[in-house]
Each structure stands twice: as structure tokens, then as C-alpha cells.
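Here is the structure we will look at.
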Amino acid sequence: MQLTKEITFSKQEIERYSRHLIIPEFNIEGQRKLKAARVLVVGSGGLGSPLLQYLAAAGVGTIGIVDYDVVDETNLQRQVLFGLESVGKAKVEEAKKRILSLNPHIKVKTYNTLLSSENALDIIRDYDVVADGTDNFPTRYLVNDACVLLDKVNVYASIFRFEGQVSVFNYVDEQGRRGPNYRDLFPAPPPPGLVPSCAEGGVIGVLPGIIGSLQALEVLKVVSGVGEPLSGRLFLFDALNFETRILKVHPDPANPLTGANPTQTELIDYVQFCGVPHEEKEHDEGPAVKSITVQKLKARLDAGEDLQIIDVREPHEYEIVNIGAALIPLGQIREQAGAIARDKPVVLHCRSGVRSAKAIRQLEEAFGFTNLYNLQGGILAYAKEIDPALPVY
Amino acid sequence: MAKIIIPTPLRKFTANQASFESPKASVAEAIGELTAAYPDLRRHLLGDDGKLRPFIKVYVGEEDIKVLEGEQTPVGEQTLISIIPAIAGG
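Protein sequences, first through last, are from chains A and B. For the first sequence, counting from 1, position 57 maps to 57 in my numbering; every step adds exactly one. Basically my numbering = 1-based index in the second sequence + 1000.
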């Protein structure tokens, strides 16, 4: 970090930051540290939205933004950095535009790329603190490991449905004691599919605003040296019953980076580590089942063929959009197998095709069905290829 | 009775119950009772060896059981047992 003595402020900056400058514990020295700081925000989505806006407004001098995505309409329910006019545009550029309009006295650098083992060290090296607001396990471990290898503080937050977690990893206190990192908390990721992403499982719109704001606050504390950062502690928020808890995080002697016998000195293949074969692919591990494309289904229906179509999604998903199929959620497919025809072709579908494949395997194994076909790409493909008037989710 | 707090991602295996009360005397026994009541939960908490899986943390009060007595950590009337899963949404 730049020597804070060299940091000066214009009249406009003094006026802008005056509510910081009059806090006795923070004062102009805290503001100098913010201006000298270089903070990298990984992910400019739900958490990135409050993070970037508050870090910019507070006067963090250099902000880096990493994201490879474009703004989608489904983002707008929580990603308040973006407006309708942002849809279809690169998130990093839209975010940059927004935060520079909030505060033109800062520098913003964008990385319109997927953070990977190949580029992470080069990108993170130029920053003092990383704020991890990504949305998947491989990147969580990648950011953690890169921060440990480069000796950077990792301000962590994550969200799911109604729950949020915040902690500060790899923080070295005034006595030189290094705090725990993500691998001390969670040595290994869950298998793919067990913990759905926000895209699959949903997240309540305000939650990233709350959790990302706490994350921004911890960044400001780490950078300014004011207060006691959330190092060695994990903050939990359950919005459903408004419960908060703070739990202790201890170093794990088996941590491959910082444990008693470290074995890892470089970044690894995190996609493999997390068992995610392909990013796009959902978690369908079983043997192949017979399938049908949406085009062929449409053609057979148009030809008047007698088919049964079964939707194995949940009722709340059916409410969002359906193609008039009979609803039998995956969890009830065995009990309701009697309602499934044996004398004609039956097409099963879900959102993208994974659950319906599971349903077919269950039905074939348990009841010997031979007339079941999985709709490739599910209702998403049907909406895209056949009936664009259908909403997607 | 010790109270086990079920995190959101696992509530689909507990018929949406957010907590579970157990009169048992240790973390292992209380979790055993929980997974007996909700068998679908078992494979998400415990591996084939019956041990807690590495992406699941269990806390008694504010303390990680790994620095207490692990799964044999005693629990009492007022003990709050928290199951903390890794989540990654952003």
C-alpha cells in the first residue's frame, strides 16, 4: 500500500468524505488509508452490488472488478448496480460506469474474464485486499488459495436463499498472528448438486444487500485498521427468523496451505477439486436415458400423436411457467407411478433435463418402464426453441 | 433437550423443520437421532464411515466441536447445536 503521508485530498474530496473525517476513530488518517487502498472485488453480482457501491462511495482509491458475465433480467431482483438498460451488457463495464458516477475521485480497473488458476495470481497480486462475492465453490477455493499464496486478506461473504455468512480470512493482526482461511473452515467442498447455487436454489432479493454491506464494512475496517475485523469468526444471518450468530473459526492443522505440514504451494485445478465436470452441466451422474428434442416433441404433438407429458418440477415452479403437462414432482414419482401410462410414449420434463432424467431412471429401475423419454433441455429449451412467449427462470 | 439448528439448504430433508430437539447426551447421539428421524438427511451429514462430512461444520454454542471433543462432545439441556453447511452464492 502507498505511504499514506503522500495522500492528499482536493476540496471536493474533503467535503465528500467529511462524515468520515469527523469520526474521531476514523478521521483523515482512515480516509488516507482508504484512498491508498487497492481492493479487488471478485464477482459483481448480488454481493458485488452493495460492495462496489459502498467501497466506491467511501473512497477506496483503487477498485478492481472481476466478472465474465453479462447482465441478465433475472439479476435485477437483487443486483442493484444494474438497471434495465444494463441487460445484455458486460457486468464489469456497467458496474464501472455506475460506481464512477457515484465517485469520480477513484480509479476503477475491470477484468472481463473468468477468474482462473491461470490468471488469478496475476490479477490479485496488484491488490491489498480481495472481497469474494463469487457464486460457486471452485472460485471460492481459488480466491482463498490465491490470497494465502500472495499474502492478501480475503473478505468473504456468501448467501443462499435466506442465509448469509461473513468472515475475514488470512488476516494478520497487529501482533503478526495470521487468522484462519476458508480451508480451515471448510476443508473440502460439497459434492456438486448438494448445495444449489442461487441460480438453482434462489435467494431473497434484499439478502445480498445486507450481507454485501457487512462485507463492505469489513473491507473498510481491514483497510483503515479501525476496529476488530471478523477474523477467526464466522458471522451467520438467518433472515427467516432474524437470527444472527457468531461462531469461532480455528486453524486446521490439516490445512494443505497453512497447516502443520503444508503440501500445496501453488494453485490447483479447482473445477476438478470441486468435482464440477463442466460449468454449464448440471449434476446428472447416472446412466443415459432415452430422450427427445423439443423440436421432435413439437412435431409429434402437431401430428396429433397421443403422448403423455409429465412435469417433474415442484409446484411453485409449475406456477411460474408450464406447458400444460401433468405435474408429478420428482420426490413423489415412485408413489404416483400408477398415473404414468405404459401403453403410449411418455415424455418427462423438468427445468433443464436433469431431474426428469433422474425420474426416468427411478421409474425404469423400480417399475420396469420402457416407454419413457426425457425432454432434452427441459422447459428452458422448449421456451427458447418452440415458444419464446414462455417466461424462463 | 439440546436443540439442533437445521440450516436452510438441508431443510428440504427435514420436512422444512428449522430445528430438532434431542434428549441425547452427545453430539454424535443427537445427530444420530436427527438422521434416524429424517433418513434422507443422513448422507448429506455423514459419510459412509459414519463421520461428519468435511463440508459440514458442527458447533456447540459458538465453538467448533473439532476443538472440543469432536462428535463425542457432551450436550446438555440448554445446548444449541448448529449445523453449518458450506454455501457459495453471491
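Beta carbons are placed, not taken as given, at the ideal position from N, Cα and C, and that holds for glycine. This one's a predicted model, so the numbers in the text were calculated from it and none came from an experiment.
Inter-residue Cα distance where the pair is residue i and residue j
i          : j          : result
Pro1074(B) : Val249(A)  : 20 Å
Glu280(A)  : Ile99(A)   : Low confidence applies to Glu280(A): its pLDDT is 38, below 50, so where it sits in the model is not reliable, and the reading given next is rough at best. Computed Cα separation, rounded: 30 Å.
Glu319(A)  : Gly1070(B) : 45 Å
Glu282(A)  : Ser356(A)  : Annotation note: pLDDT 46 at Glu282(A) (below 50); position unreliable, coordinate value reported separately. Each residue's Cα considered, the two are about 12 Å apart.
Lys988(B)  : Phe273(A)  : Beyond the ends of chain B as shown, which are 1001 and 1090, falls residue 988(B); an answer cannot be given.
His278(A)  : Val271(A)  : Only weak support is given to the placement of His278(A): the predicted model assigns it a pLDDT of 43, under 50, and the value that follows is read from those uncertain coordinates. Going from the Cα of His278(A) to the Cα of Val271(A) covers about 8 Å.
Pro1009(B) : Pro196(A)  : 8 Å
Gly1090(B) : Ile159(A)  : 6 Å
Pro1085(B) : Ile1005(B) : 11 Å
Thr139(A)  : Leu1034(B) : 32 Å
Ser1022(B) : Gly83(A)   : 49 Å
Asn1016(B) : Lys11(A)   : 56 Å
Glu94(A)   : Glu365(A)  : 50 Å
Glu13(A)   : Pro104(A)  : 10 Å
Lys373(A)  : Gln332(A)  : The question names Lys, but residue 373(A) in the sequence shown is Tyr. Near 18 Å, if we compare the C-alpha coordinates of Gln332(A) and Tyr373(A).
Glu317(A)  : Leu327(A)  : 10 Å
Ser1082(B) : Glu1063(B) : 10 Å
Phe367(A)  : Ala337(A)  : 8 Å
Ser231(A)  : Gln215(A)  : 12 Å
Phe237(A)  : Tyr54(A)   : 20 Å
Val66(A)   : Val222(A)  : 20 Å
Pro262(A)  : Leu121(A)  : 19 Å
Lys109(A)  : Lys97(A)   : 11 Å
Gly209(A)  : Glu163(A)  : 12 Å
Cys147(A)  : Arg125(A)  : 9 Å
Ala1018(B) : Leu240(A)  : 10 Å
Arg334(A)  : Ser213(A)  : 45 Å
Pro229(A)  : Gln165(A)  : 14 Å
Pro391(A)  : Thr1014(B) : 31 Å
Arg300(A)  : Leu348(A)  : 15 Å
Bridge partners - residue i, DSSP secondary structure assignment
i          : result
Leu1046(B) : Leu1052(B)
Thr62(A)   : Arg38(A) and Lys107(A)
Glu163(A)  : Phe160(A) and Asp238(A)
Pro189(A)  : According to DSSP, which records beta bridges pairwise, Pro189(A) is partnered with nothing at all.
Lys1057(B) : Ile1084(B)
Gln308(A)  : Val346(A)
Val1075(B) : Beta-bridge pairing links Val1075(B) to no other residue.
Asp1064(B) : Tyr1059(B)
Val70(A)   : Ala90(A)
Gly1089(B) : Ile159(A)
Ser452(A)  : Residue 452(A) lies beyond the range of chain A shown here (1 to 393); nothing can be said about it.
Ser44(A)   : None; Ser44(A) has no bridge partner.
Glu392(A)  : The sequence as given places Val at residue 392(A); Glu does not occur at that position. DSSP output for Val392(A) lists no bridge partner at all.
Arg178(A)  : Val172(A)
Ser231(A)  : Val168(A)
Range of the contiguous beta strand (DSSP E) that encloses residue i
i          : result
Ser1082(B) : Leu1080 to Pro1085
Thr244(A)  : Glu243 to Lys248
Ala1002(B) : Ala1002 to Ile1005
Ile356(A)  : Residue identity check: residue 356(A) is Ser in the sequence provided, not Ile. Where Ser356(A) is concerned, there is no enclosing beta strand (DSSP E), although the alpha helix (DSSP H) it sits in stretches over Val354 to Phe367.
Tyr373(A)  : Leu372 to Leu375
Ile328(A)  : Looking at the DSSP string, Ile328(A) is not in any beta strand (DSSP E), and its letter there is neither H nor E.
Ile1031(B) : Unbroken run through Ile1031(B) is the alpha helix (DSSP H), Val1027 to Ala1037; no beta strand (DSSP E).
Glu1021(B) : Ser1019 to Ser1022
Bounding residues of the alpha helix (DSSP H) (the contiguous stretch that carries residue i)
i         : result
Ala216(A) : Leu207 to Ser224
Val294(A) : Val294 to Asp302
Val18(A)  : Just to set this straight, residue 18(A) is Ser in the shown sequence, not Val. Ser18(A) -> alpha helix (DSSP H) spans Ser18 to Leu21.
Gln272(A) : Tyr270 to Phe273
Ile379(A) : Gly378 to Glu385
Gly83(A)  : Taken as a continuous stretch (DSSP letters only), Gly83(A) belongs to no alpha helix (DSSP H), as it is neither H nor E.
Pro315(A) : Pro315 to Ile320
Gly201(A) : Cys198 to Gly201
is_contact[residue i, chain C] using C-beta, thresh 7 Å
i         : result
Lys248(A) : Included in the structure are the protein chains A and B, with no chain C among them.
Query raised in the report: Of all the beta strand (DSSP E) runs that stay within the bounds of the region 96-160 of chain A, which reach a length of 3 or more residues?
Result: Within the region 96-160 of chain A, the runs of beta strand (DSSP E) at least 3 residues long that lie entirely inside it are, in chain order, 107-111, 129-132 and 153-160.
Report task. Determine, using beta-carbon pairs with one atom in the region 5-17 of chain A and one in the region 179-193 of chain A, whether at least three such pairs fall under 8 Å. Result -> no
Query raised in the report: Should the region 152-166 of chain A be called in touch with the region 127-144 of chain A, which here means at least 3 C-beta pairs below 8 Å?
Result: Result yes; three or more Cβ-Cβ pairs closer than 8 Å.
Query raised in the report: Okay, do the region 200-210 of chain A and the region 256-268 of chain A touch, 3+ Cβ pairs below 8 Å being the bar?
Result: Contact between the region 200-210 of chain A and the region 256-268 of chain A is absent, because fewer than three Cβ pairs lie under 8 Å.
Query raised in the report: Do three or more CB pairs link the region 168-177 of chain A to the region 375-392 of chain A at distances below 8 Å?
Result: no
Query raised in the report: Is the region 110-125 of chain A touching the region 71-78 of chain A in the sense that three or more CB pairs, one from each, lie closer than 8 Å?
Result: no
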